[in-house]
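Quick note, the sequences are listed as chains A and B, same order. Residues in the first sequence are numbered consecutively from 9, following my numbering. Residues in the second sequence are numbered consecutively from 110, following my numbering. From the three backbone atoms N, C-alpha and C, an ideal C-beta is built for every residue, glycine too. Please read the structure below before turning to the comments.
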Amino acid sequence: MSNFREAQNQAHPNKTSTLMLALIVILIMNVSLQIWLLYTALNNALAENTDIAFPAFIASFVLFLIGAGWLYFLPNQVRRKNINF
Amino acid sequence: MATDEKDNHWKEDFPIEQLEATQVTRRDFAKFLCLVSGGLATGSGYVAVKANFFPPEKVQGEHLVCKKSELPKGGTRSFVITGSTIPYILIRLETDEFRAYEQKCTHLSCAVFYMPKSGKIECPCHDGWFDALTGEVLAGPPPRPLPRLEVVIKGEDIYVKEFETNAANPFNTSST
Numbered sequence: 009m010s011n012f013r014e015a016q017n018q019a020h021p022n023k024t025s026t027l028m029l030a031l032i033v034i035l036i037m038n039v040s041l042q043i044w045l046l047y048t049a050l051n052n053a054l055a056e057n058t059d060i061a062f063p064a065f066i067a068s069f070v071l072f073l074i075g076a077g078w079l080y081f082l083p084n085q086v087r088r089k090n091i092n093f
Numbered sequence: 110m111a112t113d114e115k116d117n118h119w120k121e122d123f124p125i126e127q128l129e130a131t132q133v134t135r136r137d138f139a140k141f142l143c144l145v146s147g148g149l150a151t152g153s154g155y156v157a158v159k160a161n162f163f164p165p166e167k168v169q170g171e172h173l174v175c176k177k178s179e180l181p182k183g184g185t186r187s188f189v190i191t192g193s194t195i196p197y198i199l200i201r202l203e204t205d206e207f208r209a210y211e212q213k214c215t216h217l218s219c220a221v222f223y224m225p226k227s228g229k230i231e232c233p234c235h236d237g238w239f240d241a242l243t244g245e246v247l248a249g250p251p252p253r254p255l256p257r258l259e260v261v262i263k264g265e266d267i268y269v270k271e272f273e274t275n276a277a278n279p280f281n282t283s284s285t
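Right, dumping it as structure tokens:
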């Protein structure tokens, strides 16, 4: 069995950390944008300006799909071998 | 050692170390952020559906509030419209004009009060101020003007009805 991934992880121990940080930062940015969209849509809807609500929902949903697709790139958990209790 | 003699098979059934059980991994955090993102998208969808397909009901017809003589200048009167639970406030300004507004601040729905002789409506919760003549926000955190009803005077009786904004004269004063 190939030990390429294991060797890579040993050679570049910070790579997983960098990837994880980038993923989390982008997810936080997505969520911030969604909070702003929801706040704006709600305020406008209550002021009887409903035109903005549907585009805001579409934008929010697209951001969610981006976030969900983004999880595909989560680095695999590094499994420890030979767990001894 | 005494601990070695104990039966430690439970550790095989629950092979999770204490550190792993209490620590939130970055993977879990990323997944949780995605869950929050889904929740916000659902919330936006709810707002869109509610705003477009279930608009708030308008006040139908005219409703008697009280007689003119029951309300002194600078005085206010709270009322609700039959079949609704929304509290309203009728104000007789010092200039002898009548105004009716929803008695819920547009910030966090606190009850608002007319401050006599000032021409202003106050929300005491977060120091929000509205113009008693138009309902516009003067100061504080409220994001929108107070929802307004139109006041109709018929002889001695004061009625209210749905306020319809006139494009040529948005602050319709014909009701005074």
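- With a 10 Å radius around its C-beta and 16 neighbouring C-beta atoms as the bar for buried, classify T285/B as buried or exposed. With a pLDDT of only 38 at T285/B, under the threshold of 50, the placement of this residue in the model should not be trusted; the figure read from the coordinates follows. Answer is exposed; the Cβ neighbour count stays below 16.
- Query: Among the residues of its own chain, which have a CB less than 6 Å from the CB of S10/A, if the five just before and after it don't count?
  - Reply: none
- Query: Who pairs with S187/B in a beta bridge, going by DSSP?
  - Reply: I198/B
- Span separating the alpha-carbon of E179/B from that of P256/B: 24 Å
- Item | Exposure label - T204/B; buried when at least 16 CB within 10 Å | exposed
- Whole-angstrom Cβ separation of V168/B and F207/B, contact assumed at under 8 Å? That pair is no contact at about 16 Å.
- Query: Quick one: does K182/B have its CB under 8 Å from some CB of chain A?
  - Reply: no
- Item | Same chain, Cβ closer than 7 Å to F188/B, five either side skipped, listed in chain order | Cβ neighbours of F188/B beyond the five flanking positions: V174, Y197, L199.
- Query: Enumerated in chain order, which unbroken segments of the beta strand (DSSP E) with a length of 3 residues or greater are wholly contained in the segment 215–270 of chain B?
  - Reply: Those beta strand (DSSP E) runs which fall completely within the segment 215–270 of chain B and span 3+ residues are 222–224, 229–232, 237–240, 246–248, 257–263.
- Message: Would you say M28/A lies against chain B (beta-carbon separation less than 8 Å)?
- Response: Using a Cβ-Cβ cut-off of 8 Å, M28/A counts as an interface residue toward chain B, since at least one Cβ of chain B sits closer than that to its own.
- Query: To the nearest angstrom, how far is it from the Cα of Q16/A to the Cα of P124/B?
  - Reply: Cα-Cα distance, rounded: 27 Å.
- Interface partners of N22/A on chain B, CB under 8 Å: Chain B residues near N22/A: none, gap ~14 Å exceeds 8 Å.
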